[in-house]
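Visitor: Heads up: the sequence shown begins at 4 in the numbering used here, then just goes up one per residue.
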Amino acid sequence: MKKIIDFTVRDNRRLNKDMFLLTLHSEELPEMKPGQFVNVRIDNSPHTFLRRPISVHDIDMNNGLLYLLVKIAGEGTEHLSQIRVNEKLNILLPLGNGFTMPDTGKHLLIGGGVGVAPILFLAKEMNRKGLSPIVLVGCRTKEDIVLQETFGNYCRLLHTTEDGSYGETGYPTQHSVLAENFDGIYCCGPEAMMKAVARYATQKNIECEVSLENMMACGLGACLCCVTETKEGNKCVCTEGSVFNIKDLTWQI
Ligand SMILES: Cc1cc2nc3c(=O)[nH]c(=O)nc-3n(C[C@H](O)[C@H](O)[C@H](O)COP(=O)(O)OP(=O)(O)OC[C@H]3O[C@@H](n4cnc5c(N)ncnc54)[C@H](O)[C@@H]3O)c2cc1C
Ligand code: FES
4 MKKIIDFTVR
14 DNRRLNKDMF
24 LLTLHSEELP
34 EMKPGQFVNV
44 RIDNSPHTFL
54 RRPISVHDID
64 MNNGLLYLLV
74 KIAGEGTEHL
84 SQIRVNEKLN
94 ILLPLGNGFT
104 MPDTGKHLLI
114 GGGVGVAPIL
124 FLAKEMNRKG
134 LSPIVLVGCR
144 TKEDIVLQET
154 FGNYCRLLHT
164 TEDGSYGETG
174 YPTQHSVLAE
184 NFDGIYCCGP
194 EAMMKAVARY
204 ATQKNIECEV
214 SLENMMACGL
224 GACLCCVTET
234 KEGNKCVCTE
244 GSVFNIKDLT
254 WQI
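1) Quickly, what does DSSP pair SER84 with across the bridge? List them, please.
2) Should GLY187 and LYS109 be called a contact, given that it needs their Cβ atoms to be closer than 9 Å?
3) Using the rule of at least 16 other Cβ atoms within 10 Å of the residue's Cβ for burial, across every protein chain shown, is SER179 buried or exposed?
4) If you reduce the DSSP assignment to three classes, tell me which class GLU232 lands in.
5) Taking its Cβ as the centre, do 16 or more other Cβ atoms sit within 10 Å of PRO49, making it buried, or is it exposed?
6) If we require 4 or more residues per run, which alpha helix (DSSP H) segments fall completely within the region 117-141?
7) For the alpha helix (DSSP H) containing PHE52, name the first residue and the last one.
8) Just checking CYS190 against ligand 2 - is the residue's beta carbon closer than 8 Å to any of the ligand's heavy atoms?
9) Around ligand 2, what residues have a beta-carbon under 7 Å from a heavy atom of it, in chain order?
10) If I follow the unbroken alpha helix (DSSP H) through CYS241, where does it start and stop?
11) Alpha carbon to alpha carbon, how far is ARG17 from LYS60? Give it in angstroms, no decimals.
12) Kindly confirm or deny that the region 67-79 and the region 11-26 touch, where touching means at least three C-beta pairs closer than 8 Å.
13) What are the complete beta strand (DSSP E) segments, minimum 3 residues, inside the region 135-213?
14) Does the beta-carbon distance from LEU223 to CYS211 come in below 9 Å?
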């Protein structure tokens, strides 16, 4: 059941030059799955009429807390970065289908840039189920790496940086961990990265889910601006995704 809730901002922590972590509180916080997202209304920002889709980074049901990890990409997210403690944030949630949660097996979770946002919640839930996920984070440089300690609580954490300033040099698909065997791969990040991961998973015959970040407006399946082509025809990323098994997509990989 979708809800529109006025959350109270409990914390707004700047993590680096363009990323920040919002801690939001509501007594009405609904249950959510890893890979689901929320649609945030940006108030007092004249050009950002549409809500902005942001992944569920983490939730704390006992204390009614929702965490959003955001990268400044334009006017809406810049405005959001300025929000202060005790201000209200109007949010439509929960949206999207979420990742398929496995019961067993060895799983690799790959996040590129702010694509790490939904990966934390997924790693946490896998960890809670007794699985031992490996999280591989791809960044341009060391300064882009955030929340290492938090991630480290739930997984074996690995990094690649394009400039070699931390972890292994290159892209996630070049990391040595890919020589290991996996039962499933879960990925969120830039489309080029997700396609490279999908190519690797297809070659190795590994189940793979990706979370698409298509442009969205309503978030409810009404405006059709977010559609993606699948083997079963066009699908709304906001309601029938944002998570897709790569076998269902028509990507030329
Ligand atoms: C399912 C989903 C989950 C997302 N999760 C996160 C997250 O956890 N953290 C995060 O920082 N970002 C996330 N994004 C991306 C985020 O929605 C955009 O960066 C944000 O909407 C940009 O808004 P803006 O006003 O700051 O930038 P704008 O100036 O409007 O645009 C800057 C860039 O953002 C893209 N963008 C703008 N509006 C949208 C929109 N409505 N939907 C998708 N992309 C848009 C544009 O293509 C453009 O390249 C997610 C997107 C989707 C679809
Ligand atoms: S955002 Fe409107 S249909 Fe998906």
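In this text, a Cβ means the ideal position worked out from N, Cα and C, and glycines have one as well.
Computed from a predicted model, the values in this text were never measured in an experiment.
Guide: This is what the structure gives:
1) In the sequence shown, counting from the first residue as 1, residue 84 sits at position 81. In DSSP, SER84 forms no bridge with anything.
2) Here the question's residue 187 lines up with position 184 in the sequence shown. Here the question's residue 109 lines up with position 106 in the sequence shown. Taking C-beta atoms as the reference points, GLY187 and LYS109 count as a pair closer than 9 Å.
3) Sequence index remark: in the sequence shown, residue 179 carries index 176 (1-based). By the neighbour-count rule (16 or more Cβ atoms within 10 Å), SER179 is not buried but exposed.
4) Looking up residue 232 in the sequence shown gives position 229. Note: GLU232 maps to strand in three-state DSSP.
5) As a working note, residue 49 is residue 46 in the sequence shown. Per the 10 Å Cβ criterion, exposed.
6) 120-131
7) Taking the first residue of the sequence shown as 1, we reach residue 52 at position 49. Taken as a continuous stretch (DSSP letters only), PHE52 belongs to no alpha helix (DSSP H), as it is neither H nor E.
8) Your numbering for residue 190 matches position 187 in the sequence shown. The answer is no for CYS190.
9) Taking each Cβ in turn, the ones that pass are MET219, ALA220, CYS221, GLY222, LEU223, GLY224, ALA225, CYS226, LEU227, CYS228, CYS229, CYS239, VAL240, CYS241 and THR242.
10) Reading the sequence shown from its first residue, position 238 is the one you call residue 241. Where CYS241 is concerned, the enclosing alpha helix (DSSP H) stretches over 240-243.
11) For this step, residue 60 is matched to residue 57 along the sequence shown. For this step, residue 17 is matched to residue 14 along the sequence shown. Residue 60 is actually His in this sequence, not Lys. So the alpha carbons of these two residues sit roughly 15 Å apart.
12) yes
13) 137-142, 159-164 and 187-191
14) The sequence position of residue 223 within the sequence shown is 220, counting from 1. The sequence position of residue 211 within the sequence shown is 208, counting from 1. Against a cut-off of 9 Å, the Cβ pair of CYS211 and LEU223 comes out as no contact.
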